[in-house]
Amino acid sequence: MKRLFLGVMLLFSLFAFAADMADEFDRSATGTPELLQTGADKSWCPVCGMNLPMYYKTNFAVKLKNGTAKQYCSIRCFAEDSGNISENIKEILTMDAAKEKFTNAKTAHYVIGSSAPGTMTNVSKYAFASLNDAKAFQKTYGGEIVNYDKVMKATLDTIQTDRDASAERKTKMMYPMGEKIYKSVCKPVEPSEFETISAMKAYIKNNAVCGELKEGQLQALSLYLWEVSRKNAPGYSVISVPEKAKCPVCGMFVAKYPKWAAQITYTDKKGAENSLYFDGMKDLIKFKESPAKWGKYKGIKITKVLVTDYYSGKAIDGTAAFYVSGSDVYGPMGHELIPFESEKNAKTFMTDHNGKEIVKYADIKASKIK
């Protein structure tokens, strides 16, 4: 296990991407970190599972309209998640790397491309509430000072490159190490029962599922379970949404919201088979009840309905799914019907997120959807 841990820590050092190791900037919290999330998993990024205090000076966060908060290890993880929460964001916050306090992300000053290590990216990005602090950082570590719009553009411009770099490193080291840990010291874990990688990570740690693990070992294990084991499970597939597909009801690009993607397959009057995509179950139900209202779909026959299981992310039979209504989780169009393959997971979600009821596909009526 010692050699395993050393290997994991070596990988984490590769994520630093620092050009000047002699003057490497310490990203970790120097005092007690401010954690805006609540619950057992509040110390980890909900997107990648990384430890928030360890990467504190690059943290990003959002406060949502439902009164909850999400905290990320980096602006990249915020960007990865923003499509799922964009309509429900109340406030965007970023960590002031000098003061180590959250500040308004849209008024902050960002230094990009410095020699200080980046988090989840080759191009580092650090935020400062004070322009003078940004200039002082720039004097030591270099980089360019930009505003919020430019740092977001820079993040999105390199996000695929960063994904590819992360995937290569994880494939070469993290996944194999995580698999070794799981198969040698762990009790069984079912990743599809968890809403996020951070929730699964908290469960593993707090219940000693694999005994005592160091943070690096726990991260490798979590990545293996979440990104390999979960997606390689029998029957796992996702809804493949064409890049330019628009929801026929609201007109939004569905590919931007993979967590909420739904699909109807139908045959037209001539017997030709086609598919339509939706950015949530609400719009799918509206279409199902009155197809002709949303375009040239009069007389079509719906042959298949697929929705995205909220926990696992896999495509499931929409006609057999269990839907939680009235929860505090919002989709791209606000309140949404949250799909689950199992009633057990639907009940867990309803308890955790103040859901009102669990309904089946045949019982959902557009007139009752807000």
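Throughout the sequence shown, residue numbering follows mature numbering (1 follows the signal peptide of the UniProt record, and there is no 0), covering -18 to -1, 1 to 352 in sequence.
Where is the CB? At the ideal position from N, CA and C, for every residue including glycine.
Close Cβ partners of LEU17 (< 6 Å) along its chain, the five nearest in sequence each way excluded: LYS24
Contact under 9 Å by Cβ, PHE119 with MET77: no
Test item: CB-CB of LEU205 and ILE186 under 9 Å: no
Same chain, Cβ closer than 7 Å to TYR157, five either side skipped, listed in chain order: LEU205, TYR206, VAL210
Under the three-state DSSP convention, the category THR285 falls into: strand
With 16 other Cβ atoms within 10 Å as the buried cut-off, status of LEU138: exposed
Collapsed DSSP secondary structure at TYR239 in the structure displayed: coil
Contact under 9 Å by Cβ, THR143 with PRO28: no
Segment contact flag, the region 305 to 319 with the region 329 to 342, C-beta cutoff 8 Å, min 3 pairs: yes
Residues sharing a beta bridge with MET77, DSSP: PHE84
LEU266 and VAL287 closer than 9 Å at C-beta: yes
Simplified DSSP assignment, three categories, for LYS226: coil
Any beta strand (DSSP E) of 3 or more consecutive residues that is wholly inside the region 252 to 338: 255 to 260, 283 to 290, 297 to 299, 304 to 307, 320 to 322
Sequence-distant residues of the same chain with beta carbon closer than 7 Å to GLY337, five excluded per side: VAL306, SER307, GLY308, SER309, PHE331
Contact between the region 166 to 174 and the region 148 to 157 (3+ Cβ pairs under 8 Å): no
Residue environment, ASP345, which counts as buried when at least 16 other CB atoms sit within 10 Å: exposed
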